[in-house]
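What the sequence shown shows, in my numbering, is residues 4 to 169, in sequence order. First comes the structure, then the notes that go with it.
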Amino acid sequence: AVVSTQSTWETIYTMLVHSLLLLPLATGHLVQTPTTNLINGYYRLKPSPIDGPATGMTQYYAMWDVNATMTEYIKENPWIEFYKMKDDNSGMDVTSLAEGEEPFTVSTTWNIPTTITHPSLGTEVGITASLVAPNTVQIVYTAKESGLTDVHLMRFTPIGIQKSAV
4 AVVSTQSTWE TIYTMLVHSL LLLPLATGHL VQTPTTNLIN GYYRLKPSPI
54 DGPATGMTQY YAMWDVNATM TEYIKENPWI EFYKMKDDNS GMDVTSLAEG
104 EEPFTVSTTW NIPTTITHPS LGTEVGITAS LVAPNTVQIV YTAKESGLTD
154 VHLMRFTPIG IQKSAV
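So this is what it looks like as structure tokens:
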């Protein structure tokens, strides 16, 4: 026979504490995506005259199979990206606007991968957008063929977008 040294109340208390600790895990799927009104906006690449081999820009684009000539063209002809939150807050639409080219729009839903054929690269790229804070979006780009992954973190504020990539 097993003899317990805990009283009934101690056992109930222990079970209650363990249940409360598991509650966030059990109900995490019920948490809605944070709402925001700061996502709509424009991002424009503002290249520096010193961008190139010294700053890693040429090497970065080379990983994506973009040669140095095209990298120079990008510096001379920067594009604009327009970010617009979907009306139901389920994701966002990103439209790239380059002079002399048709607008290219990618519609994303939070945390659901989307695959596109990149208009400049001509290869399949997976895109997953996540709203990580009410004013911050993470976009993960993955080149299907090479497996190259690029993570962009964009913080939207009333005065502009702060963008970083790794």
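Ideal placement from N, C-alpha and C gives every residue a C-beta, glycine not left out.
query = Under three-state DSSP, which class holds Thr139?
reply = As a working note, residue 139 is residue 136 in the sequence shown. Thr139 falls in the strand class under three-state DSSP.
task = Classify Val97 as helix, strand or coil using the three-state DSSP reduction.
result = In the sequence shown, the residue the question calls residue 97 occupies position 94. In this structure, Val97 counts as strand in the three-state DSSP scheme.
query = How about Val135 and Ile119: do their beta carbons lie closer than 7 Å?
reply = In the sequence shown, counting from the first residue as 1, residue 135 sits at position 132. In the sequence shown, counting from the first residue as 1, residue 119 sits at position 116. Against a cut-off of 7 Å, the Cβ pair of Ile119 and Val135 comes out as no contact.
inquiry  = I need the DSSP call for Lys87, collapsed to helix, strand or coil.
reply    = Along the sequence shown, read from residue 1 onward, the residue named residue 87 stands at position 84. The answer is strand: DSSP assigns Lys87 an E or B state.
task = Return yes when the Cβ of Leu151 is within less than 7 Å of the Cβ of Met66, no when it is not.
result = In the sequence shown, the residue the question calls residue 66 occupies position 63. In the sequence shown, the residue the question calls residue 151 occupies position 148. Yes. Within cutoff.
query = What whole-angstrom Cβ distance do Glu104 and Glu127 have, given they're in contact under 8 Å?
reply = Your numbering for residue 104 matches position 101 in the sequence shown. Your numbering for residue 127 matches position 124 in the sequence shown. Not quite, the Cβ-Cβ distance comes to about 20 Å (not below 8 Å), so this is no contact.
key: Cβ-based neighbour list, Asp153, same chain, cut-off 7 Å, excluding 5 preceding and 5 following   = Position 150 of the sequence shown, counted from the first residue, corresponds to residue 153. Counting only Cβ-Cβ distances below 7 Å, and skipping sequence neighbours, we find Tyr144, Ala168.
ask   = Does DSSP put Leu124 in a helix, in a strand, or in coil?
value = Position 121 of the sequence shown holds residue 124. Coil.
query = Just to confirm, are Thr117 and Ile130 a CB contact at a threshold of 7 Å?
reply = As a working note, residue 117 is residue 114 in the sequence shown. As a working note, residue 130 is residue 127 in the sequence shown. Yes, the Cβ-Cβ distance between Thr117 and Ile130 is below 7 Å.
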